[in-house]
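Chemist: Taking full-length UniProt numbering, I'd label the letters of the sequence shown as residues 1 to 270. From the three backbone atoms N, C-alpha and C, an ideal C-beta is built for every residue, glycine too.
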Amino acid sequence: MPHPLGLELLTVLGLGPVEHVTLAADLGCTAVSMGLTQLPDRFNPHGYPGWSLRDDAGLRRDLKAALRDRGVAISIAEGMSVSSDIDASERAADMDLFADLGALRVNSADMGAERGRAFDQLAILAEMAAERSMGFSIEFCPLFTIRSLPEALDAVRHIGEGRAGVLIDAMHFFRSGGTVRQIAELDPALIGHIQLSDAPRKGEGDYMTEAMTGRMVPGQGELPLREFVDALPRGQVLGLEVPLVAAAQNGRAARDYVGEIVKRTREFLV
1 MPHPLGLELL TVLGLGPVEH VTLAADLGCT AVSMGLTQLP DRFNPHGYPG WSLRDDAGLR
61 RDLKAALRDR GVAISIAEGM SVSSDIDASE RAADMDLFAD LGALRVNSAD MGAERGRAFD
121 QLAILAEMAA ERSMGFSIEF CPLFTIRSLP EALDAVRHIG EGRAGVLIDA MHFFRSGGTV
181 RQIAELDPAL IGHIQLSDAP RKGEGDYMTE AMTGRMVPGQ GELPLREFVD ALPRGQVLGL
241 EVPLVAAAQN GRAARDYVGE IVKRTREFLV
């Protein structure tokens, strides 16, 4: 059974939500990740207009219609990170919006919060997601407080069995010391979402700049992605997070460069 592909928010670099869903469907992708507002300017090289699903009820209606009519799901709700600046309980209105849009899962990462606070705040978000019949995933990254798969699993245990899973971003996973064997031995029920991209095995320069603007199409880097994908549960959706900022800055249309990402990924995974 082939792995269905999804298009992550960063891959479309500022495209509007309805256009994002339409492009995903046209390219044969079954899922998208979705935030509630337009990306910051540095991730919007085309200068696409601003939008807000919080403020625009008409846009929410149009997005729900596009998701329904094109058979695309919101695989993860983005932008629900925890930090020292906001209390998770203040996220209720955003949770309601994502639930209304039919999001399957809320994703969260800590943004430098102290470990104990991060775990407790993630637990609050997990409870809020469950109350709205959405799943909950924890993303880890070498620069976050929760830096690796084992540390993310510690947070899952803190939250409670069956109440959270992990989002495994291939770049973050391998750069944090992860191995394919860890994936093969992981309980499939704990895998909430997968984000796929390629990269050199070791990075140079600023990590987050590379992660946000310098990722590579699967098969073009040095990560053991074939073995990684083979170790995943059959049918697991692979969310493509490949922001080709240079292509967008050179004036290429999103349909062209995103289409190339999808095509090359499918060729690589055959």
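1. Between S89, A24, S197 and L149, which has its C-alpha nearest A123's C-alpha?
2. Run the CB neighbour count on A211, radius 10 Å, all protein chains shown included, and call it buried at 16 or more, exposed below.
3. Assign I86 to buried or exposed, taking buried as 16 or more other Cβ atoms, counted over all protein chains shown, within 10 Å of its Cβ.
4. Return yes when the Cβ of G205 is within less than 8 Å of the Cβ of V166, no when it is not.
5. Could you tell me which uninterrupted beta strand (DSSP E) segments, each at least 3 residues in length, are contained entirely in the stretch 86-131, listed from first to last along the chain?
6. Just how far apart, CA to CA, sit S84 and E267?
7. If you run the structure through DSSP and keep just helix, strand and coil, what is G178?
8. Looking at the unbroken alpha helix (DSSP H) that takes in G251, where does it start and where does it end?
9. Under DSSP, the beta strand (DSSP E) around E139 begins and ends at which residues?
10. So, under 8 Å CB-CB, E139 and L196 are touching, yes? Tell me the CB distance rounded to an integer number of Å.
11. Since M34 is in the alpha helix (DSSP H), which residue starts that stretch and which ends it?
12. So which of P218, A25, E114 and A57 has the shortest CA-CA distance to I74?
13. Would you kindly report the start and end of the unbroken beta strand (DSSP E) that includes residue 271?
14. Helix, strand or coil: which one does DSSP assign to G259?
15. Would you mind working out which of G235, P2, L10 and D154 sits nearest A248, comparing C-alpha positions?
16. Cα-Cα, which of Q121, G162 and R132 is closest to D96?
17. V156 to R54, Cα distance in whole Å?
18. Suppose the cutoff is 7 Å on Cβ atoms and the five residues either side in sequence are ignored; what does the same chain contact list for T22 look like?
19. Measure the C-alpha to C-alpha separation of G58 and V18 and round it to an integer number of angstroms.
20. Mind checking which residues open and close the beta strand (DSSP E) that includes H193?
Modeler: Let's see:
1. Taking the sequence shown and counting its residues from 1, the one referred to as residue 123 is at position 123. Residue S89 is the option with its Cα nearest to A123.
2. For the purposes of this step, residue 211 is taken as the residue at position 211 of the sequence shown. Burial state of A211 is buried, judged by a 10 Å Cβ sphere holding 16 or more other Cβ atoms.
3. Numbered from 1 along the sequence shown, position 86 holds the residue referred to as residue 86. That one is exposed.
4. In the sequence shown, the residue the question calls residue 166 occupies position 166. In the sequence shown, the residue the question calls residue 205 occupies position 205. For V166 and G205, no; Cβs fall outside 8 Å.
5. As far as the stretch 86-131 is concerned, its whole beta strand (DSSP E) runs of at least 3 residues are 105-108.
6. Looking up residue 84 in the sequence shown gives position 84. Looking up residue 267 in the sequence shown gives position 267. Between S84 and E267, the alpha-carbon positions lie close to 43 Å from each other.
7. Locating residue 178 in the sequence shown gives position 178, counting from the first residue. It is coil, neither helix nor strand.
8. Looking up residue 251 in the sequence shown gives position 251. Per DSSP, G251 belongs to no alpha helix (DSSP H) and is neither H nor E.
9. Reading the sequence shown from its first residue, position 139 is the one you call residue 139. The continuous beta strand (DSSP E) containing E139 extends over residues G135 to E139.
10. Counting from 1 along the sequence shown, the entry for residue 139 is found at position 139. Counting from 1 along the sequence shown, the entry for residue 196 is found at position 196. At roughly 14 Å, the Cβ-Cβ gap does not stay under 8 Å, so E139 and L196 are not in contact.
11. Within the sequence shown, residue 34 is the residue found at index 34, counting from 1. From DSSP, M34 is part of no alpha helix (DSSP H) but of the beta strand (DSSP E) over A31 to M34.
12. Stepping through the sequence shown from its first residue, residue 74 is reached at position 74. For the options P218, A25, E114 and A57, the alpha carbon positioned closest to that of I74 is the one of A25.
13. Outside the displayed range of the chain (1 to 270) lies residue 271, so it cannot be described from this structure.
14. Numbered from 1 along the sequence shown, position 259 holds the residue referred to as residue 259. In the structure shown, G259 sits in a helix (DSSP, three-state: H, G or I).
15. Position 248 of the sequence shown holds residue 248. For A248, the closest of G235, P2, L10 and D154 by C-alpha to C-alpha distance is L10.
16. One-based indexing of the sequence shown puts residue 96 at position 96. The shortest C-alpha separation from D96 is found at R132.
17. Indexing the sequence shown from 1 puts residue 156 at position 156. Indexing the sequence shown from 1 puts residue 54 at position 54. One Cα belongs to V156, the other to R54, and the distance between them is close to 29 Å.
18. Here residue 22 corresponds to residue number 22 of the sequence shown, with the count starting at 1. Hits under 7 Å: A66 and R70.
19. As a working note, residue 58 is residue 58 in the sequence shown. As a working note, residue 18 is residue 18 in the sequence shown. Between the alpha carbons of G58 and V18 lies a gap of roughly 11 Å.
20. Taking the sequence shown and counting its residues from 1, the one referred to as residue 193 is at position 193. Element bounds for H193: I191 to L196.
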